[in-house]
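Down below is the structure, laid out as structure tokens.
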Amino acid sequence: MNYCRISGLGYYLPEKVLTNQDLEKMVDTSDEWIRQRTGIELRHIAGEDELPSDMALKASLQALEQSQIKPEDLDFILVATLYPDQLMPNTACELQRKLGISNVPSLDISAACSGFVYGLSIASQYIQSGTYKNILVVGTETLHHITNYEDRTTCILFGDGAGAFVVSQTDDPQKGCVYHQELQAYGDLGELLFISSPGAKQAAKKDFNTGKQDTYIHMDGQKVFRKAVQIMCDAYEKALKDTGRTPDQIDWLVPHQANERILKKFCKSTSFPEEKVIFDIKETGNTSSASIPLSMARAVEQGKIKRGQDILMVAMGGGMTSGSILLRY
Ligand code: ACO
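Residues in the sequence shown are numbered consecutively from 54, following the numbering used here.
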């Protein structure tokens with residue numbers, strides 16, 4: 054049997070930070086309001102010339118070093134991003150070029166904040182089927198480009214960053230494996246969270262006149278909040294049911310860091326202990342597809358998550374999309 058294990062993790066956060074105090078000077082808000090409503094104190098902002106592929110490269114090199122796998126040993130590169138370097142070539146091809154390798158299939162995944170879990174799910178299928186031995190999966194975002202810093206309901210939330218996993222084949226499930234995974238999408242909820250430009254829908258409009266507004270993230274915050282909690286609870290219950298596990302058999306929940314309040318509401322609804330949830334939004338903000346690999350890599354670095362522990366990852370995002378993976382680290 055082939056099992057899929059995480060052989061290396063990496064992350065990158067840009068140097069520049071945007072604090073709640075900085076935002077107080079930009080929009081009508083307060084540090085207290087932001088902390089109470091979201092749990093965020095600061096977020097990182099990419100440098101002027103820093104592209105998603107540049108940040109992906111930094112996170113990937115760390116993950117490769119940890120896994121002791123050379124870039125030329127990679128069989129597949131998957132990059133989840135909401136806002137790629139450009140429409141073509143894709144960011145995964147750009148990353149491949151920057152890694153100094155060639156001749157490796159490379160694909161971008163567009164599933165908003167669930168993109169990384171979609172990528173990890175695809176990667177694990179290729180590993181378990183025996184097709185590939187080593188796959189790089191990355192989430193990378195420069196959300197500041199698509200954030201409206203005049204809209205206090207969204208600009209408080211988002212930050213930039215990247216996280217990367219190298220996943221590798223093993224025949225020993227004790228070294229790591231994926232027990233369960235499930236992807237989902239609810240296209241009927243698309244209007245809750247969207248960016249309308251660039252895209253053919255916008256370009257096809259007769260009165261085509263792309264304003265800056267169309268390039269920003271639009272969000273119905275309260276509805277997203279309710280749906281996000283419901284999706285997390287459903288994914289959690291399903292993972293337990295399908296694997297016959299009890300909550301005490303999950304060591305850590307690594308959720309998409311959308312908002313601290315969403316995570317606390319999830320804990321209240323399911324009675325899952327908050328002490329076993331990785332809360333990592335305080336110093337990163339919501340980094341969309343980067344948030345799960347970023348928070349997992351940081352939790353491992355901080356010594357919270359250890360080898361041999363069972364981790365449940367749950368993501369939800371625009372689309373709306375969602376995904377969950379239960380794995381042994
Ligand atoms: N500072 C001060 N006041 C604010 C701010 C702000 N930054 N933003 C909104 N307000 C005001 C509103 O205008 C409103 O004022 P009013 O009562 O005078 O009309 C009041 O605060 C309450 O607004 P609500 O929208 O009800 O605030 P809520 O408690 O719902 O919090 C928030 C807003 C934080 C956006 C919340 O809805 C939320 O977290 N939603 C989830 C969104 C999310 O996580 N998105 C991430 C992207 S999607 C994803 O990753 C899955």
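The beta carbon of each residue, even a glycine, is placed where N, CA and C say it ideally should be. Since the model is a prediction, treat every value here as computed from it, not as a measurement.
Enclosing beta strand (DSSP E) for residue i [first to last residue]
i	result
I98	95 to 98
K69	69 to 72
E103	Per DSSP, E103 belongs to no beta strand (DSSP E) and is neither H nor E.
P308	305 to 308
Pairwise C-alpha distance: residue j and residue i
i	j	result
K291	G297	10 Å
K359	R205	38 Å
C57	S344	21 Å
D154	C146	Residue identity differs from the one stated: residue 154 is Ile in this sequence, not Asp. Those two C-alpha atoms are separated by around 10 Å.
V231	L380	4 Å
G172	R88	31 Å
E77	L347	27 Å
L104	F218	19 Å
K294	F278	25 Å
P158	I130	6 Å
L246	Q234	24 Å
K317	G338	16 Å
V220	I162	17 Å
V367	A116	21 Å
C166	E354	23 Å
G252	L196	17 Å
S60	G264	44 Å
N383	C320	Residue 383 lies beyond the residue range present for the chain, which begins at 54 and ends at 382; the question has no answer from this structure.
Y269	V170	24 Å
Member of the options whose CA lies at the smallest distance from the CA of residue i
i	options	result
K280	G240, S106, L95, I248	G240
R351	F211, K78, A215	A215
S250	F332, L140, N187	L140
T91	I98, H197, T82	T82
T340	S113, G168, N143, D126	G168
L95	M285, Q275, G370, D213	D213
T184	V367, E354, N55	N55
P137	H97, I199, I188	I199
K357	T374, F332, G370	F332
L189	Q227, Q222, V353, F211	Q222
L160	L148, C166, L152, V170	L148
M349	Q74, G100, A112, V80	A112
Q302	K254, Y289, A164	Y289
Y127	L152, T144, P142	The amino acid at residue 127 is misidentified as Tyr; the sequence shows Leu. When only C-alpha atoms are compared, the closest one is L152.
A238	Q255, G264, G372	G372
C208	P308, H271, T193	H271
A99	K321, E194, Q283, V282	E194
D75	E203, E244, V307	E203
Q266	Q275, Q255, K276	Q255
N73	S375, M369, K335, S377	K335
Per DSSP, cross-strand counterpart(s) of residue i
i	result
A368	G376
R58	S221
H233	L379
F129	I188
F211	N339
E194	G214
I162	A133
L246	M272
V330	L306
D363	R381
Y65	A215
A238	T374
Extent of the continuous alpha helix (DSSP H) run through residue i
i	result
R150	144 to 151
T223	Per DSSP, T223 belongs to no alpha helix (DSSP H); it is in the beta strand (DSSP E), 214 to 223.
G172	168 to 181
D295	274 to 296
L316	313 to 323
K254	253 to 256
L347	344 to 354
T91	84 to 91
Requested in this report: Take every Cβ of the region 178 to 190, pair it with every Cβ of the region 311 to 327, and state whether three or more of those distances are shorter than 8 Å.
Outcome: no
| Three or more beta-carbon pairs under 8 Å between the region 120 to 133 and the region 352 to 367, yes or no? | no
Worksheet item: Quick one: any contact between the region 101 to 114 and the region 58 to 67, if contact means 3 or more CB pairs under 8 Å?
Response: yes
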